[in-house]
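Colleague: This is the structure I want to talk about, given as structure tokens.
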Amino acid sequence: MSAPGPPASAAELTALARARELALRGRGRVSPNPLVGAVILRDGETVAEGWHEGPGLPHAEAMALAAAGDAARGATVVCTLEPCSHHGRTPPCSDALIAAGVRRVVIGVLDPLERGRAQGREVLAAAGLEVAVAPEEEGRLCAEMNSPFVTWAMTGLPEVTLKMATSLDGKIATASGESRWISGPASRELVHRWRADSDAVAVGIGTALADDPSLTARDIEGPVRQPARVVFDATARLPLDSVLVSGAHGEHPVIVLASETAPADRVAALTAAGVDVVPLAGGPAERIAGGLRVLADLGVQSVFVEGGAGLAAALVAAGAVDRIAWFLAPMLIGGAGAPSALGGEGAATLALAPRLRDLTAVRVGEDVLVSGRLRPLPGTV
Ligand SMILES: NC(=O)c1ccc[n+]([C@@H]2O[C@H](COP(=O)([O-])OP(=O)(O)OC[C@H]3O[C@@H](n4cnc5c(N)ncnc54)[C@H](OP(=O)(O)O)[C@@H]3O)[C@@H](O)[C@H]2O)c1
Numbered sequence: 585m586s587a588p589g590p591p592a593s594a595a596e597l598t599a600l601a602r603a604r605e606l607a608l609r610g611r612g613r614v615s616p617n618p619l620v621g622a623v624i625l626r627d628g629e630t631v632a633e634g635w636h637e638g639p640g641l642p643h644a645e646a647m648a649l650a651a652a653g654d655a656a657r658g659a660t661v662v663c664t665l666e667p668c669s670h671h672g673r674t675p676p677c678s679d680a681l682i683a684a685g686v687r688r689v690v691i692g693v694l695d696p697l698e699r700g701r702a703q704g705r706e707v708l709a710a711a712g713l714e715v716a717v718a719p720e721e722e723g724r725l726c727a728e729m730n731s732p733f734v735t736w737a738m739t740g741l742p743e744v745t746l747k748m749a750t751s752l753d754g755k756i757a758t759a760s761g762e763s764r765w766i767s768g769p770a771s772r773e774l775v776h777r778w779r780a781d782s783d784a785v786a787v788g789i790g791t792a793l794a795d796d797p798s799l800t801a802r803d804i805e806g807p808v809r810q811p812a813r814v815v816f817d818a819t820a821r822l823p824l825d826s827v828l829v830s831g832a833h834g835e836h837p838v839i840v841l842a843s844e845t846a847p848a849d850r851v852a853a854l855t856a857a858g859v860d861v862v863p864l865a866g867g868p869a870e871r872i873a874g875g876l877r878v879l880a881d882l883g884v885q886s887v888f889v890e891g892g893a894g895l896a897a898a899l900v901a902a903g904a905v906d907r908i909a910w911f912l913a914p915m916l917i918g919g920a921g922a923p924s925a926l927g928g929e930g931a932a933t934l935a936l937a938p939r940l941r942d943l944t945a946v947r948v949g950e951d952v953l954v955s956g957r958l959r960p961l962p963g964t965v
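For the sequence shown, the positions run 585 to 965 when my numbering is used.
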């Protein structure tokens with residue numbers, strides 16, 4: 585273990601909060617890398633800032649060191665994530681901090697990918713730098729900011745967010761199937777932002793057939809990186825003339841997670857149209873787990889699931905949902921024949937019904953957005 589330096593001071597914790605703000609500038613751009621921000625302090629004053637802008641670009645610490653120049657010598661570097669110790673697309677940040685003559689490093693949260701490596705904090709301590717890790721509550725904020733990266737690094741699976749929009753009485757469509765639009769424009773704009781922040785957006789084949797969605801991120805400000813688009817479609821029924829298949833030859837893949845028993849002619853036709861058809865073994869539950877593993881292996885750290893009722897219920901039943909984003913629209917649809925948000929068999933007893941933790945509720949336009957976690961972020965309890 586590295587010899588800990590004195591605990592983080594109030595000024596350093598303020599700098600850490602600023603470093604988190606800086607890190608968020610990379611949102612939607614850095615995956616599969618983490619969001620990282622760094623602030624360099626001398627005598628409690630900020631002399632330089634940095635953040636990671638994307639794969640292949642300098643890490644936050646390197647950017648801040650370059651901005652600080654000679655002022656880095658003897659300074660304190662406050663960073664949201666443990667500095668890396670390995671040669672990736674860029675050289676190790678721990679070496680850069682040592683070479684710059686930094687005296688002290690304050691780390692927001694340890695890097696799960698540093699397990700089994702030299703470990704940045706150990707390298708720094710071995711070189712005589714003071715190293716302090718922020719208190720648990722601060723570390724949790726730094727980890728939560730990077731929850732897809734942390735989940736993927738610690739479990740080998742992407743973080744799954746289930747987004748649904750329902751009437752107050754929990755319906756996702758009328759009895760006749762009309763479902764557009766239940767949520768209001770402000771909610772839909774937010775959804776486009778979240779699509780751009782996600783590595784993949786997924787729906788079940790029922791939704792693909794009913795709504796013919798494009799699942800692209802549109803009409804939002806700032807840099808937009810299009811997610812991969814994924815359909816859970818056991819028998820490869822996705823129509824060749826659907827919007828999704830029509831856009832499948834573009835830069836961003838359309839992936840159909842099918843059963844290995846899907847009809848060969850359907851698989852061949854979709855493949856010829858540019859769709860990546862992934863054959864998965866087993867029944868529905870195995871295919872959910874297998875599909876998520878395949879996505880993780882492709883580098884997908886975050887999957888934003890947009891329904892419908894069948895897929896949502898299957899994911900919840902499989903325990904595969906990490907986070908919930910639920911828009912409640914101020915309308916009452918009613919009708920015994922109108923579908924509700926979760927299909928399937930549902931919980932057998934109230935005691936078995938999954939409950940949300942870390943619950944928040946905010947107004948978005950006329951809707952209320954209820955968010956929370958179904959699973960704790962790995963590494964936190
Ligand atoms: N308000 C909202 O938030 C919202 C969001 C989305 C959709 N919707 C509405 O919901 C309706 C569609 O819902 P839906 O339930 O019919 O369709 P769905 O959930 O989109 O798709 C269900 C289908 O997914 C397939 N699937 C593939 N792998 C599966 C697995 N492991 N487990 C379970 N299913 C799997 C199954 O078909 P195969 O076995 O053939 O693969 C199943 O029939 C539409 O009316 C749509 O407009 C509303």
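Positions of the beta carbon are idealized from the N, C-alpha and C atoms, including for glycine.
Taking a contact to mean a Cβ-Cβ separation below 7 Å, would you say residue 680 touches residue 646 in this structure?
Modeller: Against the sequence shown, residue 680 aligns to sequence position 96. Against the sequence shown, residue 646 aligns to sequence position 62. Yes, they are a contact pair.
Colleague: My parser needs the alpha helix (DSSP H) runs of 4 or more residues fully inside the region 743-813; what are they?
Modeller: The qualifying runs are 769-781, 789-795.
Colleague: Hey, how far is the Cα of residue 595 from the Cα of residue 602?
Modeller: In the sequence shown, counting from the first residue as 1, residue 595 sits at position 11. In the sequence shown, counting from the first residue as 1, residue 602 sits at position 18. Their Cα atoms are separated by approximately 11 Å.
Colleague: Please indicate yes or no: does the CB of residue 816 lie closer than 6 Å to some heavy atom of ligand 1?
Modeller: Reading the sequence shown from its first residue, position 232 is the one you call residue 816. Flag set: Cβ of residue 816 near ligand 1.
Colleague: Closest to residue 815 by CA distance: which of 661, 888, 921 is it?
Modeller: By one-based count along the sequence shown, residue 815 stands at place 231. When each option's Cα is compared against that of residue 815, the closest is 888.
Colleague: Identify every residue that forms a DSSP beta bridge with residue 923.
Modeller: For the purposes of this step, residue 923 is taken as the residue at position 339 of the sequence shown. Partner(s): none; residue 923 has no beta bridge.
Colleague: Alpha carbon to alpha carbon, what distance is there between residue 742 and residue 883?
Modeller: One-based indexing of the sequence shown puts residue 883 at position 299. One-based indexing of the sequence shown puts residue 742 at position 158. Near 9 Å, if we compare the C-alpha coordinates of residue 742 and residue 883.
Colleague: Below 8 Å, can you find three or more Cβ-Cβ pairs linking the region 751-762 to the region 922-929?
Modeller: Verdict: yes, contact present.
Colleague: Determine which residues share a DSSP beta bridge with residue 957 and list them.
Modeller: Counting from 1 along the sequence shown, the entry for residue 957 is found at position 373. DSSP output for residue 957 lists 907, 941 as bridge partner(s).
Colleague: On the CB-based measure, 16 or more other CB atoms within 10 Å of its CB, does residue 929 come out buried or exposed?
Modeller: The count along the sequence shown starts at 1 and reaches residue 929 at position 345. Classification for residue 929: exposed.
Colleague: Where does residue 585 fall in DSSP's three states?
Modeller: Taking the sequence shown and counting its residues from 1, one reaches residue 585 at position 1. With a pLDDT of only 47 at residue 585, under the threshold of 50, the placement of this residue in the model should not be trusted, and no figure is reported.
Colleague: Would residue 841 and residue 875 be called neighbours here (beta carbons separated by less than 7 Å)?
Modeller: Along the sequence shown, one-based indexing puts residue 841 at 257. Along the sequence shown, one-based indexing puts residue 875 at 291. It is a contact, given that the beta carbons lie within the stated cut-off.
Colleague: Cα separation between residue 960 and residue 654?
Modeller: For this step, residue 960 is matched to residue 376 along the sequence shown. For this step, residue 654 is matched to residue 70 along the sequence shown. Distance between the alpha carbons of residue 960 and residue 654 is about 42 Å.
Colleague: One question on the structure: do residue 820 and residue 846 come within less than 7 Å of each other, judged by their Cβ atoms?
Modeller: Numbered from its first residue, the sequence shown carries residue 820 at position 236. Numbered from its first residue, the sequence shown carries residue 846 at position 262. It is a contact, given that the beta carbons lie within the stated cut-off.
Colleague: Hey, residue 963 and residue 734 are a contact pair by Cβ (cut 8 Å); roughly how many whole angstroms apart?
Modeller: Along the sequence shown, one-based indexing puts residue 963 at 379. Along the sequence shown, one-based indexing puts residue 734 at 150. Yes, they are in contact, since the Cβ atoms of residue 963 and residue 734 sit about 6 Å apart, within 8 Å.
Colleague: Determine the burial state of residue 765: buried for a count of at least 16 other Cβ atoms within 10 Å of its Cβ, exposed for fewer.
Modeller: As a working note, residue 765 is residue 181 in the sequence shown. Exposed: under 16 other Cβ atoms inside 10 Å.
Colleague: Identify the continuous beta strand (DSSP E) that holds residue 664 and give its terminal residues.
Modeller: Indexing the sequence shown from 1 puts residue 664 at position 80. That run of the beta strand (DSSP E) goes 660-665.
Colleague: Can we count residue 757 as close to ligand 1, meaning its CB is less than 6 Å from some heavy atom?
Modeller: By 1-based counting over the sequence shown, the position of residue 757 is 173. Result yes, Cβ under 6 Å from ligand 1.
Colleague: When you compare the CB positions of residue 686 and residue 656, do they come within less than 7 Å of one another, or not?
Modeller: Within the sequence shown, numbered from 1, the residue matching residue 686 stands at position 102. Within the sequence shown, numbered from 1, the residue matching residue 656 stands at position 72. For residue 686 and residue 656, yes; Cβs fall inside 7 Å.
Colleague: DSSP state of residue 649, grouped into three classes?
Modeller: If you number the sequence shown from 1, residue 649 lands on position 65. In the structure shown, residue 649 sits in a helix (DSSP, three-state: H, G or I).
Colleague: Say the cut is 6 Å; is the CB of residue 849 nearer than that to a heavy atom of ligand 1?
Modeller: Walking along the sequence shown from the start, residue 849 turns up at place 265. No - ligand 1 has no heavy atom lying nearer than 6 Å to the Cβ of residue 849.
Colleague: Using only the alpha-carbon positions, how far apart do residue 823 and residue 726 sit?
Modeller: The residue given as residue 823 occupies position 239 in the sequence shown. The residue given as residue 726 occupies position 142 in the sequence shown. Distance between the alpha carbons of residue 823 and residue 726 is about 42 Å.
Colleague: According to DSSP, which residues form a beta bridge with residue 816?
Modeller: Stepping through the sequence shown from its first residue, residue 816 is reached at position 232. 788, 841, per the DSSP bridge assignment.
Colleague: Taking the DSSP output, what are the residues bridged to residue 872?
Modeller: As a position in the sequence shown, residue 872 is number 288, starting the count at 1. Beta-bridge pairing links residue 872 to no other residue.
Colleague: Mind checking who residue 621 pairs with in its DSSP beta bridge?
Modeller: The sequence position of residue 621 within the sequence shown is 37, counting from 1. The partner list for residue 621 (beta bridge, DSSP) reads 635.
Colleague: Among 691, 770, 941, which has the Cα closest to the Cα of residue 947?
Modeller: On the sequence shown, residue 947 is found 363 positions in, with the first residue counted as 1. The option with the nearest alpha carbon to residue 947 is 770.
Colleague: CB-CB under 7 Å to residue 767, same chain, minus the five flanking residues each way: which ones, in chain order?
Modeller: As a working mapping, residue 767 is identified with position 183 in the sequence shown. Within the same chain, residue 767 has close Cβ partners 749, 911, 913, 951.
Colleague: I need the DSSP call for residue 590, collapsed to helix, strand or coil.
Modeller: As a working note, residue 590 is residue 6 in the sequence shown. Coil at residue 590, not helix or strand.
Colleague: Leaving aside the five residues before and after residue 660 along the sequence, list all residues of the same chain whose C-beta is less than 6 Å from its C-beta, in chain order.
Modeller: What you label residue 660 is simply residue 76 of the sequence shown in a count that begins at 1. Answer for residue 660: 625, 688, listed in chain order.
Colleague: Determine contact between the region 606-617 and the region 631-640, defined as no fewer than three beta-carbon pairs at a distance below 8 Å.
Modeller: Contact between the region 606-617 and the region 631-640 is present, because at least three Cβ pairs lie under 8 Å.
Colleague: On the DSSP bridge assignment, give the partners of residue 630 in chain order.
Modeller: As a first step, residue 630 must be located in the sequence shown, where it is residue number 46. Answer by DSSP bridge pairing, in chain order: 625.
Colleague: Under the DSSP definition of a beta bridge, which residues are partnered with residue 864?
Modeller: As a working mapping, residue 864 is identified with position 280 in the sequence shown. Partner(s): 843.
Colleague: For residue 877, which beta-bridge partners are listed by DSSP?
Modeller: What you label residue 877 is simply residue 293 of the sequence shown in a count that begins at 1. Paired residue(s): none; residue 877 is not in a bridge.
Colleague: Quick one: grab the DSSP three-state call for residue 714.
Modeller: Taking the first residue of the sequence shown as position 1, residue 714 is located at position 130. The answer is strand: DSSP assigns residue 714 an E or B state.
Colleague: Would you tell me roughly how many angstroms separate the C-alpha atoms of residue 600 and residue 630, rounded to the nearest one?
Modeller: What you label residue 600 is simply residue 16 of the sequence shown in a count that begins at 1. What you label residue 630 is simply residue 46 of the sequence shown in a count that begins at 1. So the alpha carbons of these two residues sit roughly 11 Å apart.
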